[in-house]
Amino acid sequence: MRNSNIRLVIVLGAIAILSIIAMQSYWLSQQRSHESQSFHQTTMIALRKVAQKLADFNNSTLPQGEFIKRLTPNYYIINFNDKIDAMALEHFLLEEFSSVNGYSEFEYGIYDCTNDEIVYGNHCNLIDPDKPVTTDAKLLKYEEFKSYGSTYFGVKFPSRDENLTASSSLTWTLALIAALTVAFFAYAMWVILSQRRYSEMQRDFINNMTHEFKTPLTSIQLSSDFLSKQHVIQDDARLSRYTELIRSQYQRLNTQVEKLLNIARLESGEFKLKPEKINMHTLIDEVLDSKAAEAGIEGRVFNRIYQAKHIEVEGDRTHLGNVINNLIDNAVKYSPADKPIDIITEDEGHHLSISIVDRGIGIAPAHQKHLFNKFYRVPSGNVHDIKGFGLGLHYVKKILQMHKGNIMVESALGKGSRFSFNLPIKA
185 MRNSNIRLVI VLGAIAILSI IAMQSYWLSQ QRSHESQSFH QTTMIALRKV AQKLADFNNS
245 TLPQGEFIKR LTPNYYIINF NDKIDAMALE HFLLEEFSSV NGYSEFEYGI YDCTNDEIVY
305 GNHCNLIDPD KPVTTDAKLL KYEEFKSYGS TYFGVKFPSR DENLTASSSL TWTLALIAAL
365 TVAFFAYAMW VILSQRRYSE MQRDFINNMT HEFKTPLTSI QLSSDFLSKQ HVIQDDARLS
425 RYTELIRSQY QRLNTQVEKL LNIARLESGE FKLKPEKINM HTLIDEVLDS KAAEAGIEGR
485 VFNRIYQAKH IEVEGDRTHL GNVINNLIDN AVKYSPADKP IDIITEDEGH HLSISIVDRG
545 IGIAPAHQKH LFNKFYRVPS GNVHDIKGFG LGLHYVKKIL QMHKGNIMVE SALGKGSRFS
605 FNLPIKA
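Okay, so the sequence shown: first residue is 185 according to our numbering, each after it adds one.
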């Protein structure tokens with residue numbers, strides 16, 4: 185993964201997490217505000233009705249102005265300015281709050297301003313009236329009402345404290361989830377960066393190793409060429425065969441080293457194409473002619489089925505030649521020597537389609553989607569008669585993508601495979 189991609193992942197991940205936290209905080213704040221406002225409005229309406237019923241019971245009138253005060257989020261006091269019958273008050277409170285959802289219990293107390301004392305108080309459970317009282321009524325005095333020399337009563341809702349505690353617990357739970365999300369994201373990024381570092385080390389190792397191989401390979405090539413021209417070697421069939429074996433093994437090893445180098449360049453982003461106008465029929469012919477002397481190619485039948493009329497593309501001749509060469513190599517590896525291999529070209533709109541068709545062992549559907557992954561090889565158990573690193577098709581796909589083309593595979597076990605790729609034709 186490139187630095188730009190990693191930075192993008194970090195930025196997008198951070199924005200997503202911060203957005204989630206912000207939305208959670210806003211939602212909780214709005215929910216608590218709405219619940220508090222709704223509770224307050226409902227409670228004020230109920231207490232006004234209780235005060236009015238109590239005034240009607242006493243044949244008196246309610247005080248002028250605002251006679252209900254909210255001292256705390258769950259504690260209200262009502263200035264009555266008249267004597268209060270405790271039984272009547274409790275009856276009216278039960279009647280009102282039983283008819284409204286959201287109230288499970290309340291405490292009330294009657295305060296006599298003249299004697300400066302609470303003269304009566306009780307705890308009422310609306311859900312279970314027989315439940316033992318576990319909370320003492322702790323009602324605050326209100327000095328402003330006291331100065332009027334009147335009587336007032338206070339009503340407290342203890343369950344509101346529990347609701348606030350539950351809401352706080354939810355807040356902390358969501359905060360914990362957000363913290364775990366941040367921790368997981370940080371760990372994931374650490375893993376990604378570690379894997380990237382290991383990948384860079386692996387790429388550097390492969391790059392250095394292949395470059396180290398190039399020098400002795402060049403020496404082997406020069407030596408084999410020199411030996412093949414000597415009369416002593418040419419006159420001895422056994423020595424000539426050995427010299428040819430050295431050359432063929434050099435070519436095989438050099439091909440694998442070049443594949444590793446190309447993959448390393450692709451992964452490092454240092455890979456540059458050298459585009460030119462290419463006649464693909466000519467390029468296919470050149471690849472097949474160059475392969476004619478390779479081991480395992482003798483006697484092979486290649487059917488050149490050239491149906492395309494628009495055969496010129498813009499691309500890198502060397503690497504497109506490698507693409508064709510790799511696909512033909514695969515067809516040769518995985519099909520019997522007596523079965524022909526078809527190279528088919530066709531016009532597909534603004535693209536040239538090239539297919540390599542073999543009549544070999546085929547590929548199971550479960551493996552087809554992994555064929556173009558780096559280092560992937562179709563499992564063959566303990567059979568190791570097929571050579572390679574699993575880099576060829578990965579390289580093929582990368583090169584075609586750089587040419588704005590794509591590749592697909594159709595295969596059936598026991599029937600063979602068809603690898604088809606297309607390239608945009610040169611306008």
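No residue lacks a Cβ here, since even glycine has one placed at the ideal position from N, Cα and C.
Beta carbon of residue i nearer than 9 Å to that of residue j
i: Ile525; j: Ala515; result: yes
i: Val497; j: Ile447; result: no
i: Glu530; j: Gln491; result: yes
i: Cys308; j: Phe290; result: yes
i: Leu231; j: Val339; result: yes
i: Ser604; j: Ile540; result: yes
i: Ser432; j: Glu478; result: yes
i: Thr439; j: Ser408; result: no
i: Leu423; j: Val416; result: yes
i: His535; j: Ile609; result: yes
i: Gln465; j: Ile512; result: Checking the displayed sequence, the identity of residue 465 turns out to be His instead of Gln. No, they are not a contact pair.
i: Ala362; j: Ile201; result: yes
i: Leu310; j: Tyr292; result: no
i: Ala272; j: Phe223; result: no
Nearest residue (CA-CA) to residue i, options the options
i: His257; options: Arg344, Asn510, Ile512; result: Note that residue 257 corresponds to Pro in the displayed sequence, not to His. The option with the nearest alpha carbon to Pro257 is Arg344.
i: Gly499; options: Glu460, Leu472, Asp513, Lys493; result: Glu460
i: Phe397; options: Asp409, Ile361, Ala367, Gln435; result: Gln435
i: Ile538; options: His551, Gln379, Met592; result: Met592
i: Ile190; options: Asn309, Thr357, Phe369, Arg254; result: Phe369
i: His395; options: Gln414, Phe486, Leu437; result: Leu437
i: Asn391; options: Ile361, Leu450, Ile376, Leu360; result: Leu450
i: Ala596; options: Leu457, Asp542, Ala200, Phe241; result: Asp542
i: Tyr260; options: His218, Glu279, Tyr295; result: Tyr295
i: Thr365; options: Tyr560, Glu532, Ile547, Ile199; result: Ile199
i: Gln225; options: Glu532, Leu246, Lys253, Ala270; result: Lys253
i: Ile430; options: Ser378, Ile311, Pro400, Glu442; result: Pro400
Neighbour-count burial assignment, residue i, 16 or more Cβ in a 10 Å radius
i: Pro520; result: exposed
i: Asp320; result: The pLDDT assigned to Asp320 is 48, lower than 50, so where the model puts this residue is not dependable, and the model offers no usable value.
i: Thr318; result: Any answer about Thr318 is weak, because its pLDDT of 47 lies below 50 and its placement is not dependable; what the coordinates show is given next. Its Cβ having fewer than 16 others within 10 Å, Thr318 is exposed.
i: Val567; result: Model confidence at Val567 stands at a pLDDT of 42, short of 50, so the residue's coordinates are unreliable; what they give is reported in the following sentence. That one is exposed.
i: Thr502; result: exposed
i: Ile547; result: buried
i: Pro247; result: buried
i: Lys443; result: buried
Check whether the stretch 576 to 583 touches the stretch 505 to 514, taking contact to mean three or more Cβ pairs, one atom from each stretch, closer than 8 Å.
Yes, they touch.
Residue ranges of each beta strand (DSSP E) run of no fewer than 3 residues wholly in the stretch 485 to 525, ordered along the chain?
If we require 3 residues or more, the beta strand (DSSP E) runs fully inside the stretch 485 to 525 come out as 486 to 490, 496 to 500.
Does the stretch 260 to 272 come close enough to the stretch 221 to 236 to have 3 or more Cβ pairs within less than 8 Å?
The stretch 260 to 272, when compared against the stretch 221 to 236, does touch it at the 8 Å Cβ threshold.
Which runs of the beta strand (DSSP E) fall wholly inside the stretch 435 to 485 and span at least 3 residues, in chain order?
Listed in chain order, the beta strand (DSSP E) runs fully inside the stretch 435 to 485 are 459 to 463, counting runs of at least 3 residues.
When you compare the stretch 192 to 200 with the stretch 359 to 377, are there three or more beta-carbon pairs, one atom per stretch, that lie closer than 8 Å?
Yes, they touch.
Along the chain, which unbroken stretches of the beta strand (DSSP E) at least 3 residues long are found entirely within the stretch 352 to 432?
Listed in chain order, there is nothing to give.
Could you name each continuous beta strand (DSSP E) segment of 3 residues or more that falls completely within the stretch 234 to 265, going from the start of the chain to the end?
Runs of the beta strand (DSSP E) lying entirely within the stretch 234 to 265, each at least 3 residues long, are 252 to 256, 259 to 263 in chain order.
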